[in-house]
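**Q** Protein chains in written order, with my numbering: chain B, 1 to 224; chain Z, 1001 to 1224. By construction, the Cβ of each residue, glycine as well, lies at the ideal position given by its N, Cα and C atoms. This structure is a prediction, so every number in the text was calculated from the model and none was measured.
Number of protein chains: 2
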Amino acid sequence: MEAQVPKRRPGRPRTRQQALELRAQDPIESLPPTARRLLDAARRILERDGIAALSLSAVAEEADESKASIGYHFGNKEGLIVALVDSLVHEANRGLVAQTHQYPLGDTRLRVLMEGEREIIEDTQGFIALLEIFPYAMRSESIRGRIADLYAGYRDTVLDVLDAGQGTPTRELASFALLTIAIVDGLSIQYALDPDRVDLEAATHLWQRMGRCVLSDLGMVDIG
Amino acid sequence: MEAQVPKRRPGRPRTRQQALELRAQDPIESLPPTARRLLDAARRILERDGIAALSLSAVAEEADESKASIGYHFGNKEGLIVALVDSLVHEANRGLVAQTHQYPLGDTRLRVLMEGEREIIEDTQGFIALLEIFPYAMRSESIRGRIADLYAGYRDTVLDVLDAGQGTPTRELASFALLTIAIVDGLSIQYALDPDRVDLEAATHLWQRMGRCVLSDLGMVDIG
DNA sequence: GTCTATATTGGGATAGAC
DNA sequence: GTCTATCCCAATATAGAC
């Protein structure tokens, strides 16, 4: 009896348009019900108890399914984690896009983006879950590629906010997107480790000031 | 036969002076030779093969010692990892302090700090090792506290560079230190995941520009 | 497709000789 | 202080019945 292998293996998207399309499809909606229950259970365990607690037995019990069904649907543990990453990545993308695209282009949306960062940092769950997977990601080409694509998507979203996404961004704008994402991650780490000694309010305020400073220099936006 | 428990348990340093003193002592120099070999072996395995490969058998083999000796010297695996974190933390601190303190105060040192960041990001080994431990850290109070102290030390070092360390920093300066460290970590993550799509050169250049912009605003430094 | 039962491995811990 | 040998357990994977 052959174990089923993960089906879709989409190539890394080459253009921003392709990346946007990739973000649109839900990787878990097409799964059989049992596989979906298993995946949901895995996500709950990862976020509640961490990667160390993510054993096949724990997943089976949490999902109220059998251990063997994991092997059937995902091949092995690696396959389960790949699917889990896909689901986390999709969710994370959906969240960011939803948060920014409900606002009009330009000044307001940028302010929303930067102020929204603080909420994202305080809601560390999703990010922490990805950090827990990081050790796996650095050893598995397919997992690392998926997370790398997630980050590329994040950067594209920031670019969309800044210039509505047309054309090739300047080197400065691309760098600004890189830094914006880096700030979110970096602050999340320090805040998760030690919330008492990390003043997110002041930090995001200063970061906004720095952004305003350089963006007006670049002639991009004036959010005063 | 009682297992030996880790000896030093220094309280969390309360002042910047205490933090500096803490950074001065080497936590592994006082260890017996066998314990030291075990710890060095653990560090090699962590950096080479990741946390998943850090089993007691692997450590014993790499160190050419017996598995039981780990239990004797460190109590259990958790104790070994705590000691490992101490050693990584000490090393990381030494690196940053050495890099900044060889330069004169003020403008030059700040530029060195910011340009040195790029090297730190490209040399991801130490940071990746800490990230691999992150899942443990979030579940173990003593490990998390040690890493939190490391970050507090980093931030203090940045403050030293900015104002030579006297007095209580303003909220803005404290935030700047926070952001500086966050940038290093955040860029490291994106660079580790996908070096081809991350232009460190341009990103650090833009970050320097943003720093210059806001610091001159604050009347702190002019590194033009 | 799903389950029970089991094979097999490898990990962490420790007793007891030296 | 250090080693050998062993114990116990948890985990993954899979065979085979239904």
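Against chain B, does Z:F1134 count as a neighbour if the rule is that its beta carbon must be under 7 Å from one of theirs?
**A** As a working note, residue 1134 of chain Z is residue 134 in the second sequence. Yes, Z:F1134 counts as interfacial toward chain B.
**Q** Within the same chain, show all residues whose beta-carbon is closer than 6 Å to that of Z:T1061, passing over the 5 residues directly before and after it, in chain order.
**A** Looking up residue 1061 of chain Z in the second sequence gives position 61. Looking at the sequence itself, residue 1061 of chain Z is Glu, so the reference to Thr does not match. Around Z:E1061: no qualifying Cβ.
**Q** Check whether the Cβ atoms of Z:E1047 and Z:Q1099 sit closer than 7 Å, and answer yes or no.
**A** Translated into positions along the second sequence, residue 1047 of chain Z becomes position 47. Translated into positions along the second sequence, residue 1099 of chain Z becomes position 99. No. Outside cutoff.
**Q** Secondary structure at B:G116, three-state DSSP: helix, strand or coil?
**A** One-based indexing of the first sequence puts residue 116 of chain B at position 116. Three-state result, B:G116: helix.
**Q** My guess is that B:I147 and B:V85 are in contact by the Cβ rule of under 8 Å, so how many angstroms apart are they, rounded?
**A** If you number the first sequence from 1, residue 147 of chain B lands on position 147. If you number the first sequence from 1, residue 85 of chain B lands on position 85. Indeed, because the Cβ distance is near 7 Å, the residues count as touching under 8 Å.
**Q** When burial is assigned at 16 or more other CB atoms within 10 Å of the CB, is B:E201 buried or exposed?
**A** Looking up residue 201 of chain B in the first sequence gives position 201. Exposed, since its Cβ has fewer than 16 Cβ neighbours within 10 Å.
**Q** According to the neighbour-count rule (16 or more other Cβ atoms, all chains shown, within 10 Å of its Cβ), is Z:D1217 buried or exposed?
**A** The residue you call residue 1217 of chain Z lines up with position 217 of the second sequence. Label assigned to Z:D1217: exposed.
**Q** For B:Q118, which residues in the same chain have their Cβ closer than 6 Å to its Cβ, ignoring the five residues on either side in sequence?
**A** The residue labelled residue 118 of chain B in the question sits at position 118 within the first sequence. Position check: residue 118 of chain B holds Arg in this sequence, whereas Gln was assumed. The residues are L200 and T204.
**Q** By Cβ distance, which residues of its chain are closer than 8 Å to Z:L1173, with the 5 residues on each side in sequence left out?
**A** Working through the second sequence from its first residue, we reach residue 1173 of chain Z at position 173. Excluding positions up to five away in sequence, the list reads L1159, L1162, D1163, L1218 and M1220.
**Q** Can you round the beta-carbon distance between Z:N1093 and Z:L1038 to whole angstroms, since I take them to be within the 8 Å contact cut?
**A** Position 93 of the second sequence holds residue 1093 of chain Z. Position 38 of the second sequence holds residue 1038 of chain Z. The Cβ separation is near 22 Å, so there is no contact.
**Q** Quick check on B:D185 - is its C-beta less than 7 Å from some C-beta in chain Z?
**A** The residue labelled residue 185 of chain B in the question sits at position 185 within the first sequence. At least one chain Z Cβ lies under 7 Å of B:D185.
**Q** Quick one: is B:A92 near chain Z, going by C-beta distance under 7 Å?
**A** Looking up residue 92 of chain B in the first sequence gives position 92. By this cut-off, B:A92 is not an interface position.
**Q** Taking the straight line between their C-alpha atoms, what separation do you get for Z:R1043 and Z:L1080?
**A** In the second sequence, the residue the question calls residue 1043 of chain Z occupies position 43. In the second sequence, the residue the question calls residue 1080 of chain Z occupies position 80. Going from the Cα of Z:R1043 to the Cα of Z:L1080 covers about 10 Å.
**Q** Helix, strand or coil for B:R43 per DSSP?
**A** By 1-based counting over the first sequence, the position of residue 43 of chain B is 43. Note: B:R43 maps to helix in three-state DSSP.
**Q** Taking Cβ positions, are B:E78 and Z:P1135 nearer each other than 7 Å?
**A** In the first sequence, counting from the first residue as 1, residue 78 of chain B sits at position 78. In the second sequence, counting from the first residue as 1, residue 1135 of chain Z sits at position 135. Not a contact, by the Cβ cut-off of 7 Å.
**Q** Please name the residue in Z:I1121, Z:D1194, Z:A1035 and Z:I1070 whose C-alpha comes closest to that of B:E141.
**A** What you label residue 141 of chain B is simply residue 141 of the first sequence in a count that begins at 1. The residue with the shortest Cα to Cα distance from B:E141 is Z:D1194.
**Q** Where B:V82 and B:L187 are concerned, what is the direct C-alpha to C-alpha distance, given to the nearest angstrom?
**A** Within the first sequence, numbered from 1, the residue matching residue 82 of chain B stands at position 82. Within the first sequence, numbered from 1, the residue matching residue 187 of chain B stands at position 187. Going by the C-alpha atoms only, they are around 26 Å apart.
**Q** List the residues of chain Z whose Cβ lies closer than 9 Å to the Cβ of B:E61, in chain order.
**A** In the first sequence, residue 61 of chain B corresponds to position 61, counting from 1. Those do not exist, as B:E61 stays about 20 Å from chain Z at its closest Cβ, beyond 9 Å.
**Q** Distance cutoff 7 Å, beta carbons only. Does B:A129 sit that close to anything in chain Z?
**A** As a working mapping, residue 129 of chain B is identified with position 129 in the first sequence. It does not; no Cβ of chain Z falls within 7 Å.
**Q** Rounded to a whole number of angstroms, what is the C-alpha to C-alpha distance between B:V214 and Z:W1207?
**A** Within the first sequence, the letter at position 214 stands for residue 214 of chain B. Within the second sequence, the letter at position 207 stands for residue 1207 of chain Z. Looking at the two C-alpha atoms, the distance is approximately 9 Å.
**Q** With a CB to CB cut of under 7 Å and the five nearest residues on each side skipped, what residues in its chain are close to Z:V1184?
**A** The count along the second sequence starts at 1 and reaches residue 1184 of chain Z at position 184. These residues qualify, in order along the chain: E1117, I1120 and I1121.
**Q** What does the alpha-carbon distance come out to for the pair B:G211 and B:V112?
**A** As a position in the first sequence, residue 211 of chain B is number 211, starting the count at 1. As a position in the first sequence, residue 112 of chain B is number 112, starting the count at 1. Taking the straight line from one Cα to the other gives about 13 Å.
**Q** Suppose only complete runs of 4+ residues qualify. What are the alpha helix (DSSP H) ranges in the stretch 1159 to 1219 of chain Z, listed by chain order?
**A** You should have 1171 to 1193 and 1200 to 1217.
**Q** Where does Z:T1157 land, buried or exposed, given buried means 16+ other C-beta within 10 angstroms?
**A** Position 157 of the second sequence, counted from the first residue, corresponds to residue 1157 of chain Z. Its Cβ being crowded by 16 or more others within 10 Å, Z:T1157 is buried.
**Q** For B:R155, which residues from the same chain have a beta carbon less than 7 Å from its beta carbon, with the 5 sequence-adjacent residues on both sides left out?
**A** Start at 1 with the first residue of the first sequence, and residue 155 of chain B comes out as number 155. The answer, listed in chain order, is A177, L178 and I181.
**Q** Alpha carbon to alpha carbon, how far is Z:P1169 from B:L31?
**A** Working through the second sequence from its first residue, we reach residue 1169 of chain Z at position 169. Working through the first sequence from its first residue, we reach residue 31 of chain B at position 31. The straight-line gap from Cα to Cα measures roughly 54 Å.
**Q** Within its chain, find whatever has a CB closer than 6 Å to the CB of Z:V1198; leave out the 5 residues flanking it on each side and keep chain order.
**A** Taking the second sequence and counting its residues from 1, one reaches residue 1198 of chain Z at position 198. So the qualifying residues of the chain are Q1190 and Y1191.
**Q** Who are the Cβ neighbours of Z:A1129 in its own chain at under 8 Å, not counting the five residues just before and after it?
**A** Residue 1129 of chain Z sits at position 129 when you count from the first residue of the second sequence. R1043, L1046, E1047 and L1088.
**Q** For Z:G1095, which residues in the same chain have their Cβ closer than 7 Å to its Cβ, ignoring the five residues on either side in sequence?
**A** Here residue 1095 of chain Z is taken as the residue at index 95 of the second sequence, counted from 1. None.
**Q** Let me know the alpha helix (DSSP H) ranges lying completely inside the stretch 1060 to 1098 of chain Z, each 4 residues or longer, listed in chain order.
**A** 1067 to 1074, all fully within the stretch 1060 to 1098 of chain Z.
**Q** Determine, for B:Y154, whether the minimum Cβ-Cβ distance to residues of chain Z falls below 7 Å.
**A** Counted from its first residue, the first sequence places residue 154 of chain B at position 154. Chain Z contact via Cβ: absent.
**Q** According to DSSP, is B:I128 part of a helix, a strand, or is it coil?
**A** Here residue 128 of chain B corresponds to residue number 128 of the first sequence, with the count starting at 1. B:I128: helix per DSSP, three-state reduction.
**Q** If we define contact as Cβ-Cβ less than 7 Å, is Z:G1050 a contact residue for chain B?
**A** As a position in the second sequence, residue 1050 of chain Z is number 50, starting the count at 1. Cβ-Cβ to chain B under 7 Å: yes for Z:G1050.
**Q** Rounded to a whole number of angstroms, what is the C-alpha to C-alpha distance between Z:E1002 and Z:M1138?
**A** If you number the second sequence from 1, residue 1002 of chain Z lands on position 2. If you number the second sequence from 1, residue 1138 of chain Z lands on position 138. Since pLDDT at Z:E1002 reaches only 39, below the 50 mark, its modelled position is unreliable, and the value read off the structure follows with that caveat. Computed Cα separation, rounded: 28 Å.
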